[in-house]
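See below for the structure under consideration.
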């Protein structure tokens, strides 16, 4: 079995995609290579075959999603082609589990888009472009702001968390064609003013969660995987009740066994930790872990659930944590300097 690699994107004009070797069981990182090819790669995803990478980038307002080859042995990447996301400030991209389609979200444009993946790995012309409409009660919610576009494990549905409308939009995905259509349930709502940012589905396919950037909360849903339906279950806070500073959530992730969930706070600069009820999916707060630096932007979990990598974007660091398998508690093991890290993925 090959040694895990951690790919990290940084918002830089040059060498914005770094590849690290995960050198030991404590998550120590060693730089393998830095890659250019795209400017200001904000977020990316890796093809299921591990040989392709798709990155959103916004050089000079061009709003692009790029297809790149990835050589695991050398860490080298090479640009194949790019397509326009057709909306300002793309912020999220994901490859479907079959490796046949890519979806992306445009934050400022409040829109989502899909692309078929050609046999060469190149991106085909856009399959579907959908403009979100609506608003909510918060000062940043005067219009739609699509912030995340997450595909279900079976590849049949795609969920777009829209910060501006307080909705999780639900789409049926035809990966073979690279197209989207509104789901049977067009959307699920969160508490007004919440500002949904990132969305994830539990490994058991029975529950789902969205972290709300403005409200600093996590909303739990019951999930009908057969029909792609979400039923709001409850909402919990990510910050202490007595905290009165400015803070906004960023990312969330579940352990592979679904027992623990983590959500990041930028401003409070911490991770909120929860135990997940195996039957109901309800979240029980078990602690808040200080990150020791500002802006925990992105969370990446190892496939065995023993390591958590945290990208501290303002601090310019990637922190490695070991996860206690019994309690879900975190222990900092290593930290490395990386300029403006925004997203990381293990391959």
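In our numbering, the protein residues as written are 1 to 347.
Note that beta-carbon positions come from the ideal geometry of N, C-alpha and C, so glycine has one too.
Under 8 Å between C-beta atoms of residue i and residue j
{"i": "residue 5", "j": "residue 38", "result": "no"}
{"i": "residue 67", "j": "residue 122", "result": "yes"}
{"i": "residue 95", "j": "residue 154", "result": "no"}
{"i": "residue 272", "j": "residue 256", "result": "no"}
{"i": "residue 328", "j": "residue 282", "result": "no"}
{"i": "residue 157", "j": "residue 144", "result": "no"}
{"i": "residue 258", "j": "residue 339", "result": "no"}
{"i": "residue 231", "j": "residue 242", "result": "no"}
C-alpha distance - residue i paired with residue j, whole-angstrom precision
{"i": "residue 12", "j": "residue 314", "result": "13 Å"}
{"i": "residue 149", "j": "residue 90", "result": "11 Å"}
{"i": "residue 183", "j": "residue 224", "result": "12 Å"}
{"i": "residue 185", "j": "residue 120", "result": "35 Å"}
{"i": "residue 336", "j": "residue 216", "result": "28 Å"}
{"i": "residue 330", "j": "residue 245", "result": "24 Å"}
{"i": "residue 140", "j": "residue 82", "result": "30 Å"}
{"i": "residue 343", "j": "residue 10", "result": "7 Å"}
{"i": "residue 334", "j": "residue 133", "result": "44 Å"}
{"i": "residue 279", "j": "residue 233", "result": "13 Å"}
{"i": "residue 115", "j": "residue 131", "result": "15 Å"}
{"i": "residue 181", "j": "residue 138", "result": "28 Å"}
{"i": "residue 7", "j": "residue 20", "result": "6 Å"}
{"i": "residue 187", "j": "residue 74", "result": "43 Å"}
{"i": "residue 152", "j": "residue 146", "result": "17 Å"}
{"i": "residue 332", "j": "residue 125", "result": "44 Å"}
{"i": "residue 167", "j": "residue 117", "result": "28 Å"}
{"i": "residue 226", "j": "residue 174", "result": "15 Å"}
{"i": "residue 303", "j": "residue 159", "result": "22 Å"}
{"i": "residue 111", "j": "residue 54", "result": "18 Å"}
Sequence-distant residues of the same chain with beta carbon closer than 6 Å to residue i, five excluded per side
{"i": "residue 34", "result": "15 and 18"}
{"i": "residue 85", "result": "63, 65, 104, 106 and 113"}
{"i": "residue 36", "result": "14 and 15"}
{"i": "residue 253", "result": "262, 299 and 301"}
{"i": "residue 251", "result": "198, 264, 298 and 299"}
{"i": "residue 229", "result": "185"}
{"i": "residue 59", "result": "39 and 40"}
{"i": "residue 109", "result": "87 and 88"}
{"i": "residue 296", "result": "264, 310 and 312"}
Cβ neighbours of residue i in the same chain (closer than 8 Å, five flanking residues each side left out)
{"i": "residue 142", "result": "135 and 164"}
{"i": "residue 49", "result": "99"}
{"i": "residue 212", "result": "190, 191, 194, 195, 196, 197, 218, 219, 235 and 249"}
{"i": "residue 239", "result": "216, 247, 265, 268, 270, 272 and 288"}
{"i": "residue 72", "result": "2, 5, 50, 51 and 347"}
{"i": "residue 325", "result": "305 and 306"}
{"i": "residue 345", "result": "6, 7, 44, 45, 46 and 300"}
{"i": "residue 30", "result": "20, 21 and 23"}
{"i": "residue 61", "result": "88"}
Among the options, the one whose alpha carbon lies nearest that of residue i
{"i": "residue 320", "options": "312, 326 and 327", "result": "312"}
{"i": "residue 201", "options": "161, 43 and 335", "result": "161"}
{"i": "residue 27", "options": "307, 171 and 339", "result": "307"}
{"i": "residue 129", "options": "167, 101, 151 and 87", "result": "87"}
{"i": "residue 291", "options": "207, 303, 74 and 309", "result": "309"}
{"i": "residue 277", "options": "61, 207 and 341", "result": "207"}
{"i": "residue 102", "options": "93, 110 and 109", "result": "93"}
{"i": "residue 237", "options": "222, 214, 108 and 227", "result": "214"}
{"i": "residue 305", "options": "109, 59, 260 and 29", "result": "260"}
{"i": "residue 47", "options": "25, 97, 60 and 159", "result": "97"}
{"i": "residue 24", "options": "322, 341 and 345", "result": "322"}
{"i": "residue 210", "options": "169, 227, 174 and 109", "result": "169"}
Own chain partners of residue i with C-beta closer than 7 Å, once the 5 adjacent residues on each side are dropped
{"i": "residue 293", "result": "269, 312, 315 and 317"}
{"i": "residue 69", "result": "51, 52, 77, 78, 80 and 121"}
{"i": "residue 349", "result": "There is simply no residue 349 to check, as the chain begins at 1 and stops at 347 in what is shown."}
{"i": "residue 43", "result": "9, 56, 91, 92, 93, 342 and 343"}
{"i": "residue 205", "result": "153, 223 and 225"}
Proximity test, residue i beta-carbon vs the ligand SAM heavy atom, cut-off 7 Å
{"i": "residue 255", "result": "Of the ligands one can find in the structure shown there are none, so the ligand SAM has no counterpart to examine."}
Taking only runs of the beta strand (DSSP E) that begin and end inside the region 12-63, which ones reach a length of at least 3 residues, in chain order?
Qualifying beta strand (DSSP E) stretches, in chain order: 17-22, 29-35, 41-46 and 52-57.
I'd like the ranges of any beta strand (DSSP E) spanning at least 3 consecutive residues and lying wholly in the region 169-242.
179-189, 196-201, 207-212, 217-224 and 229-237
Going residue by residue through the region 264-303, where are the continuous beta strand (DSSP E) segments of at least 3 residues, counting only ones entirely within it?
Whole beta strand (DSSP E) segments, 3+ residues: 270-276, 283-290 and 296-301.
What are the start and end residues of each continuous beta strand (DSSP E) run of 3 or more residues lying completely inside the region 88-115, in chain order?
90-95 and 101-106
What ranges does the alpha helix (DSSP H) occupy inside the region 121-154, keeping only unbroken runs of at least 4 residues that lie completely in it?
none
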